[in-house]
Amino acid sequence: MGFDILIKNGRIVDGTGNPWFKADLGIKDGKIVKIGRIQKNEAEYIINAKNLVVAPGFIDMHSHDELIFFKDTLNKPKLSQGVTTVVTGNCGLSVAPVNEETLDILKSYTGILGEDVEFAWRSYKEFLKNLEGINGIGTNFVGLIGHGTLRIAVMGMEARDPTKEELEEMKRLLAQSMEEGAFGMSTGLIYPPGVYSKTEELIELSKVVAQYGGFYASHMRDEGDRVVEAVREAIRIGREAGVPVEISHHKTAGKRNWGRSKETLKLIEEARDEGIDVTVDAYPYTAGSTYLASLLPPWAHEGGEEKLKERCRDPETRLEMKKFIEEKDDWQNFIKEAGWENIVVTYSPNFPEIVGKNLEEISKLWNKDAFEALFDILSEDGTRADMIIFMMNEEDIERILSKPFTMIGTDGLDTGKGNPHPRTYGTFPRVLGLYVREKKVITLEDAIRKMTSLPAQKLGLKDRGLLKEGFWADIVVFDPKKIRDRATYDNPRATPEGIEYVIVNGVVSVEKGELTGEKGGKVLRRL
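The sequence shown lines up with residues 1465 to 1991 when you count with our numbering.
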C-alpha cells in the first residue's frame, strides 16, 4: 500500500492516556490507515520522527475563533501551537443566530471577537456556509450557540426575565441551530445579557440541548467570591436538564479566594459520583482577559453600548457606579477582587497611549482618580477596550490541571489589535513544557489525553482525538525535550518552540516548525 504521508520511528502517544509506544504511522486520503511497523517507505511524503512524540492534534476546548477565519484563514496562533480543532461560541458569545432588528446590539456585544466582519448570515446554518465559503480554513471548526446571542435575538439587551413567548422563541432558535449542526449552548453569566438570566431560564434552554445530545458550557456567574455557589448552579443545571456540563476556564479568582479550588473540585467530584457529567477546561496562566467594560455593574450595560457610554459620561451615574462597585459583592466585582494595579489595558481604540499600562498607572498619568480614568476610557471606547487581569494563584492552577476531568482551552484570540493574552499563542506548549516536563504536575500521556481524546469524547467526535486506524489524520509531532511557550505579556505573539509538524485531515500545515500555508480544516457539525 502506498501512503500519502508516512511518519517513521515516532514515539506514539495515542491520546488514550496509555504509555507511549514506538511505531510508524501511515496516512492515506486524509485518514490514518496503518499504525505499526511499516517496512516499505512507499509514500509521497516521509517524516522522520526519531526522538519525537507523535500525538493526536490538540483540541482547543475553549476558544473565541468564530470570526478569526475571515481575517486569518489559517488561524496561525492556534495552528502554530499544534491545535487542529477549535471549539468556538463560548461564554455566551456566538455570531448566530441573528435578528435583523438587534444586529447592532449583537455586533457591539461580539466586537471583542473581531471588528469589520460583515454578518452576511442570519441562521447558524448560513454562518457555517459562509465559513465554508472561505478559501479553506487552517483548523477544524466546532461551534456552540451563545445564550447571550439567543437573548439578544429575542429580547435585545433588556435586564429582565423573558416572557413565556420569548422563552419559547429562544428555545425554537436553539433547537433550529442544534439541528443545523451546533454542538451545544454556552453561557457568559458575568456578561450582559446573560447576567440578567435566572437559573430556571438556563435549565429550560439546556433541556433543548439535551434532546439533541449536546452539552452546556458555562462561564459561570462568579469565579471569585461566589465561585462555590456558581459551581453549584452549573451542577444544578446539569442535574435538572439532564445535560452534560462543561465549566469554562475554571479558576478561583481574587487573592481572598486562592485555595478554594479544593472546594470547587470536591463539588465536581461529588456531582460525578452522583452521575452528572461535569468536566472543566483551564488555561495555564495566572491572568485572565476580557473586555474592560466588564468592570462596570451589570445594570450599566442595559440597553446596549451607546447607553453604557452615556452612563459613563453622566456625573451622577458615575457616582452611582462607583458606589455600587465599592459596596456590592453579589456580582463578579473584578476591581475589588484584583485591585487597580492588576488590571492592564491591552487595547483601546481611542487611547492607544495607555495600552500596556495598568489602571493605577493610567490614573497617575492622567492625574485623576482611578474610577474617573476608567469612566473616561469607557465613555469613548465602550465595549471595544480590552484588559488582562492578574488574579489567580499558581497552586490552584496546578490543582485544577491535575484532575482527570480537566481539559485544556486557550480562551484566546488575536484580532490583530492591541496586545492579546499570551495564552493565544502559548497554552498547549506551556502545559507540555512547564507542567509536564519541568514541574511534573501531570504526565505526558495524561496531558495529551486532556488535549485530545477527553475533549473529543465531550464533543461527541467519534473519529478524532485518538491516533487510531480509520480516524482522521489530525496529528502533531513535537520534541518533548524542547517544547515550550515563548509568548509573554510583553511579547504575546511569539510562537512556541518544539512543534515540528502539524497535520490537519492529512494536510501538512506546519513543517519543521514553520507554517506551510496549506489548509486542511473542516467545518464540523454535530450529527
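For glycine and all other residues, C-beta sits at the position ideal for the given N, C-alpha and C. All values reported here derive from a predicted model rather than from experimental measurement.
Contact check, residue i vs residue j, beta carbons under 8 Å
{"i": "Trp1936", "j": "Gly1612", "result": "no"}
{"i": "Arg1928", "j": "Thr1480", "result": "no"}
{"i": "Phe1605", "j": "Val1550", "result": "yes"}
{"i": "His1683", "j": "Cys1555", "result": "yes"}
{"i": "Asp1860", "j": "Ser1753", "result": "no"}
{"i": "Pro1813", "j": "Arg1848", "result": "yes"}
{"i": "Leu1896", "j": "Ile1947", "result": "yes"}
{"i": "Val1742", "j": "Ile1699", "result": "yes"}
{"i": "Val1987", "j": "Val1518", "result": "no"}
{"i": "Tyr1655", "j": "Ser1758", "result": "yes"}
{"i": "Arg1690", "j": "Pro1657", "result": "no"}
{"i": "Pro1956", "j": "Arg1901", "result": "no"}
{"i": "Ala1674", "j": "Asp1686", "result": "no"}
{"i": "Gly1962", "j": "Pro1893", "result": "yes"}
{"i": "Leu1516", "j": "Gly1578", "result": "no"}
{"i": "Thr1603", "j": "Lys1542", "result": "yes"}
{"i": "Ala1751", "j": "Ile1906", "result": "no"}
{"i": "Val1692", "j": "Arg1720", "result": "no"}
{"i": "Ile1469", "j": "Val1972", "result": "yes"}
{"i": "Arg1887", "j": "Gly1678", "result": "no"}
{"i": "Ser1572", "j": "Gly1846", "result": "yes"}
{"i": "Trp1804", "j": "Glu1824", "result": "yes"}
Among the options, the one whose alpha carbon lies nearest that of residue i
{"i": "Leu1760", "options": "Glu1784, Gly1752, Ala1751 and Glu1738", "result": "Glu1784"}
{"i": "Pro1868", "options": "Phe1839, Leu1823 and Met1915", "result": "Met1915"}
{"i": "Val2003", "options": "Thr1603, Lys1635 and Leu1898", "result": "Any question about residue 2003 goes unanswered here, given that the chain covers just 1465 to 1991."}
{"i": "Gly1643", "options": "Pro1561, Phe1467, Asp1689 and Phe1534", "result": "As written in the sequence, residue 1643 is Glu, which differs from the Gly given in the question. Of Pro1561, Phe1467, Asp1689 and Phe1534, the residue nearest in Cα terms is Pro1561."}
{"i": "Ala1717", "options": "Ile1471, Leu1918, Leu1898 and Met1855", "result": "Met1855"}
{"i": "Gly1546", "options": "Gly1723, Ile1967 and Lys1472", "result": "Ile1967"}
{"i": "Met1525", "options": "Met1871, Ile1469 and Gly1602", "result": "Met1871"}
{"i": "Asn1969", "options": "Lys1628, Lys1715, Gly1984 and Trp1585", "result": "Gly1984"}
{"i": "Met1649", "options": "Glu1629, Lys1719 and Ser1712", "result": "Ser1712"}
{"i": "Thr1627", "options": "Gly1602, Ile1471, Leu1653 and Glu1664", "result": "Glu1664"}
{"i": "Tyr1749", "options": "Ile1864, Val1709, Arg1736 and Ser1641", "result": "Ile1864"}
{"i": "Asn1822", "options": "Thr1537, Gly1702 and Asn1806", "result": "Asn1806"}
{"i": "Lys1976", "options": "Pro1960, Leu1991 and Arg1989", "result": "Pro1960"}
{"i": "Phe1533", "options": "Ser1973, Asp1878, Ala1705 and Glu1630", "result": "Asp1878"}
{"i": "Ile1598", "options": "Ile1469, Asn1539 and Leu1666", "result": "Asn1539"}
{"i": "Leu1482", "options": "Tyr1811, Gly1934 and Leu1908", "result": "In the sequence under discussion, the amino acid at residue 1482 is Asn, which differs from the Leu named in the question. Here the closest residue by C-alpha is Leu1908."}
{"i": "Gly1924", "options": "Thr1651, Ala1837, Ser1572 and Tyr1676", "result": "Tyr1676"}
{"i": "Tyr1899", "options": "Gly1890, Gly1880, Glu1862 and Lys1922", "result": "Glu1862"}
{"i": "Glu1668", "options": "Arg1696, Glu1630 and Gly1688", "result": "Glu1630"}
{"i": "Gly1739", "options": "Lys1771, Glu1817, Gly1706 and Lys1715", "result": "Gly1706"}
{"i": "Trp1763", "options": "His1885, Ala1834, Glu1622 and Lys1498", "result": "Glu1622"}
{"i": "Ile1841", "options": "Gln1503, Gly1600 and Thr1810", "result": "Thr1810"}
{"i": "Glu1769", "options": "Lys1726, Arg1586 and Ile1569", "result": "Ile1569"}
{"i": "Arg1736", "options": "Gly1474, Val1709 and Lys1715", "result": "Val1709"}
Contact belief for residue i with residue j at Cβ below 8 Å, rounded distance in angstroms
{"i": "Ala1487", "j": "Gly1500", "result": "6 Å"}
{"i": "Val1808", "j": "Gly1882", "result": "Between Gly1882 and Val1808 the Cβ distance is about 11 Å, and since that is not below 8 Å, they are no contact."}
{"i": "Gly1873", "j": "Ser1527", "result": "7 Å"}
{"i": "Leu1637", "j": "Thr1552", "result": "Actually they are not in contact, since the Cβ atoms of Leu1637 and Thr1552 sit about 18 Å apart, beyond 8 Å."}
{"i": "Ala1646", "j": "Tyr1588", "result": "6 Å"}
{"i": "Ile1523", "j": "Ala1802", "result": "The Cβ separation is near 30 Å, so there is no contact."}
{"i": "Tyr1680", "j": "Asp1875", "result": "Incorrect: roughly 17 Å between the Cβ atoms, too far for contact."}
{"i": "Asp1478", "j": "Leu1918", "result": "No, Asp1478 and Leu1918 are not in contact; Cβ-Cβ is about 13 Å, not under 8 Å."}
{"i": "Thr1566", "j": "Gly1652", "result": "Going by Cβ atoms, the distance from Thr1566 to Gly1652 rounds to 17 Å, so no, they are not a contact pair."}
{"i": "Glu1933", "j": "Ile1510", "result": "About 19 Å; that fails the 8 Å criterion."}
Terminal residues of the beta strand (DSSP E) in which residue i lies
{"i": "Asp1488", "result": "Phe1485 to Lys1492"}
{"i": "His1683", "result": "Phe1679 to His1683"}
{"i": "Thr1952", "result": "Note, Thr1952: premise wrong, no beta strand (DSSP E); not H, not E."}
{"i": "Met1851", "result": "Asp1850 to Phe1854"}
{"i": "Ile1699", "result": "Where Ile1699 is concerned, there is no enclosing beta strand (DSSP E), although the alpha helix (DSSP H) it sits in stretches over Val1691 to Ala1705."}
{"i": "Val1618", "result": "First-last for Val1618: His1611 to Met1619, but that is the alpha helix (DSSP H), not the beta strand (DSSP E)."}
{"i": "Ala1751", "result": "Ala1751 to Tyr1755"}
{"i": "Asn1604", "result": "Asn1604 to Gly1607"}
{"i": "Asp1745", "result": "Val1742 to Ala1746"}
{"i": "Phe1942", "result": "Ile1939 to Phe1942"}
{"i": "Ile1963", "result": "Ile1963 to Val1968"}
Endpoints, alpha helix (DSSP H) assigned at residue i
{"i": "Leu1470", "result": "That residue, Leu1470, is in no alpha helix (DSSP H); its beta strand (DSSP E) goes Phe1467 to Ile1476."}
{"i": "Ser1973", "result": "From DSSP, Ser1973 is part of no alpha helix (DSSP H) but of the beta strand (DSSP E) over Val1971 to Glu1975."}
{"i": "Glu1710", "result": "Segment Val1709 to Ile1711 is the beta strand (DSSP E) holding Glu1710; no alpha helix (DSSP H) there."}
{"i": "Lys1726", "result": "Ser1725 to Glu1738"}
{"i": "Gly1595", "result": "Looking at the sequence shown, residue 1595 is not Gly but Leu. Start and end: Tyr1588 to Gly1597."}
{"i": "Lys1821", "result": "Lys1821 -> no alpha helix (DSSP H), and no H or E assigned at all."}
Interface flag, residue i vs chain B, CB-CB below 8 Å
{"i": "Arg1894", "result": "Of the protein chains in this structure there is only one, and it is not chain B."}
Closer than 7 Å: residue i CB and nearest the ligand FMN heavy atom
{"i": "Ala1507", "result": "With respect to small molecules bound, the structure shown includes none, and the ligand FMN cannot be examined in it."}
Notebook entry, point to check: Can you give, in chain order, each stretch of the alpha helix (DSSP H) that sits fully within the segment 1497 to 1583 and has at least 4 residues?
Noted result: The qualifying runs are 1540 to 1543 and 1567 to 1573.
Check: At which residue ranges does the segment 1621 to 1670 contain complete beta strand (DSSP E) runs of 3 or more residues, listed in the order of the chain?
Finding: Here the runs fully enclosed are 1648 to 1652.
Note to self: If we require 3 or more residues per run, which beta strand (DSSP E) segments fall completely within the segment 1767 to 1806?
What the structure shows: Here no run is fully enclosed.
Check: Counting only runs that start and end within the segment 1841 to 1908, where is the beta strand (DSSP E) found for 3 or more residues in a row?
Finding: Fully enclosed beta strand (DSSP E) runs of 3 or longer: 1850 to 1854 and 1870 to 1872.
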